[in-house]
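*Asks:*
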Amino acid sequence: MATKLQLTDLVKRFERQSGAAVGGLTLAVDEGEMLVLLGPSGCGKTTTLQLIAGLIHPDSGSVVIDGKAVAGPGWGVAPEKRNLGMVFQSYAVWPHKTVAQNVAYGLHLRHVAGAEIKRKVARVLDMVKLGGLEARYPSEISGGQQQRVALARAIVVNPSLLLLDEPLSNLDATLREQMRTELKSLQRDLGLASVYVTHDQAEAMTLADRLVVMHDGAIVQEGKPEDVFSRPASRFVAGFLGTTNLLHGRLSTVRGTRARLEIPNLGVLEGCAVADVAADFRPGTNAWLSVRPVALALSAARPACANVFEGRVRTRTFLGDITEYTVSTGEFCWRVHAISSQRVALDDTAWISFSSDAATIMPDR
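For reference, each letter of the sequence shown is one residue, going 35 to 399 in my numbering.
1. Beta-carbon within less than 8 angstroms of Asp199's beta-carbon, same chain only, minus the 5 sequence neighbours each way: which residues are those?
2. For a quick check, are the C-beta atoms of Gly251 and Gly57 less than 8 angstroms apart?
3. With a cut-off of 8 angstroms on the beta carbons, I'd call Ala105 and Gly88 a contact; round off their distance for me.
4. Check each candidate in Gly108, Ile86, Ala103 and name the one with the smallest Cα separation from Ser94.
5. By alpha-carbon positions, which one of Arg157, Ala103, Pro201, Leu332 ends up nearest to His371?
6. Kindly identify the DSSP beta-bridge partner or partners of Tyr230.
7. Whose C-beta lies closer than 6 angstroms to the C-beta of Glu168 among residues of the same chain, with five residues either side of it excluded?
8. Can you look up Asp223 in the DSSP assignment and give me helix, strand or coil?
9. Under the assumption that Arg292 contacts Cys306 (Cβ atoms under 8 angstroms), give the Cβ distance between them as a whole number of angstroms.
10. State buried or exposed for Ala36, treating a residue as buried only when at least 16 other CB atoms are found within 10 Å of its CB.
11. Can we say the stretch 217-236 touches the stretch 44-60, given the rule of at least three CB pairs closer than 8 angstroms?
12. Once DSSP output is grouped into helix, strand and coil, what is the label at Met213?
13. Report yes if the CB atom of Val190 is closer than 8 angstroms to the CB atom of Gly225, and no otherwise.
14. Would you call the CB atoms of Leu303 and Asn279 closer than 8 angstroms?
15. Can you tell which of Glu296, Ile151, Ser194 has its C-alpha closest to the C-alpha of Leu39?
16. Taking all protein chains shown into account, do 16 or more other C-beta atoms lie within 10 angstroms of the C-beta of Cys339, making it buried, or fewer, making it exposed?
17. Would the beta-carbon of Arg377 fall within 8 angstroms of that of Val361?
18. Do you know offhand how far Leu59's Cα is from Ile90's?
19. Quick one, which of Leu143, Ile253, Gly364 has its alpha-carbon nearest Val271's?
20. If I follow the unbroken alpha helix (DSSP H) through Val137, where does it start and stop?
21. Have a look at the DSSP bridge pairing and note the partners of Lys38.
22. Helix, strand or coil for Gly148? Go by DSSP, reduced to three states.
23. Which whole-angstrom value describes the C-beta separation of Val127 and Val183, a residue pair presumed to lie in contact below a C-beta threshold of 8 angstroms?
24. Which partner residues of Ser280 appear in the DSSP bridge assignment?
25. Which one or two residues does DSSP pair with Ala384 in a beta bridge?
26. In the DSSP assignment, find the alpha helix (DSSP H) that holds Pro259 and state where it starts and stops.
27. Kindly indicate the opening and closing residues of the beta strand (DSSP E) around Lys102.
28. Which same chain residues, not among the five before or five after Leu202, have their C-beta less than 6 angstroms away from its C-beta?
29. Quick check: the Cα distance between Val70 and Arg336, rounded to an integer number of angstroms?
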C-alpha cells in the first residue's frame, strides 16, 4: 500500500511559547487510511495539520506528499500546489456563491473544462446527498448541509490527501453523530488518505483507522482505537481517552506481560497486563493501573474470582442504557457502569470484581 504522507522529525516553535508546538513528530499515512489526531487544546494537532497544508513552515524536519518533499526548514510548496482537500471547522463556504459554485471553485482554479466541471459537481453532490440543491445559497440551507458543501468542495478535485480540522464541532449532537457515519463511509468508498483533527474522543473512536494521541507537541500513543482505549500506555492517555479508574501502587512481581500490583489500604491486584513490555517494570517500583468502569462487575454476593473488593454504594446516576455507581472500598472510590436493569440500592454493601485482562499497568509518570 502506497504511503501518501510522511512526516519526519517535524518541529515547529512559535515566539512567546516556552516549548515547541510540535516537537520531533514522525508519522505516516497510507493510501485509504483515516488517521485521527486526538488531544487537548494546545497539544499541537492543529499546528501539525497546518504544517501538512503548507499554511506554516517547519523549523526542522520534512513533509513528503506522494513521495515528493513539499516542506523543510523554513520553506514549503504553496498550499494550492500540494493537491490537498481541506474541510474547516467554520465550513468556509462563500455566502455569495451557490452550492454548485462553491463546489466547483477548485475545479475552476485547475482550469477544468466547463462540461467536465458540471459532471464532477453533480456526481459529488449526489455523494454527499445534496443533489437538487445546486442553485441554493448557503443562507438557504442548514448548517449540516453547509458542512456537506465544504466536504464536496474538498473531494471534487480528487485530492492526494484530505485534511479535516474539527469539521463537525459546530453541528448539534444528533447531526454530528449522523455525519460521522456518513463521512467515514464516504472516505472508505473513495479510498482517500485522510488526516482528521479533533478533541472529541467519541468522534476519534468512530472515524479512526489509526488513532494518534498527542500531548505537549508529541505523540504519546498511536494504534488502532480499540487498542489505545483498552491498553493505554500512560496515565495521561488513560485519563484523557474516556472515563477510567486510576490506582497507584507498587509492583510485587513481574512475569513477562503480567504483574501483581500492591495498592495501599486496598490489597493486591493479580495478573494484570502491562501496557508496554519494553517499559522498565521491575518488582519494587511504583506503577499506575487503569480499569474502565464498564469492565467492572457489581454484585451483591462475593464472586469466586481474583481481584474482588468489598465496598459500599455511595451514589447512583442514571445515564440511560447504563447507570453509573460510585462504590467506596476503603480510601478508594470506584466508578462502575452497569446496565440500568441491574438495580443496586444506595448504601448497600456490594462486591466489585474485574478480569485481569481488563486492567492495564502503566509506568509511574
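Yeah, the Cβ is synthetic: ideal placement off N, Cα and C, and Gly gets one too.
On a predicted model such as this, the values are computed, not experimentally measured, just so you know.
*Replies:* If we stick to the structure as given:
1. Thr80, Leu83, Met120, Val121, Phe122, Gln123, Val231
2. yes
3. 6 angstroms
4. Gly108
5. Leu332
6. Val70, Leu198
7. Val133, Ala134
8. helix
9. 7 angstroms
10. exposed
11. no
12. helix
13. no
14. no
15. Ser194
16. exposed
17. no
18. 15 angstroms
19. Ile253
20. 133-143
21. In the DSSP output, where bridge partners are listed per residue, Lys38 has none listed.
22. helix
23. 5 angstroms
24. The question names Ser, but residue 280 in the sequence shown is Leu. DSSP output for Leu280 lists Ser324 as bridge partner(s).
25. Gly345
26. 259-264
27. 102-106
28. Arg210, Met213
29. 42 angstroms
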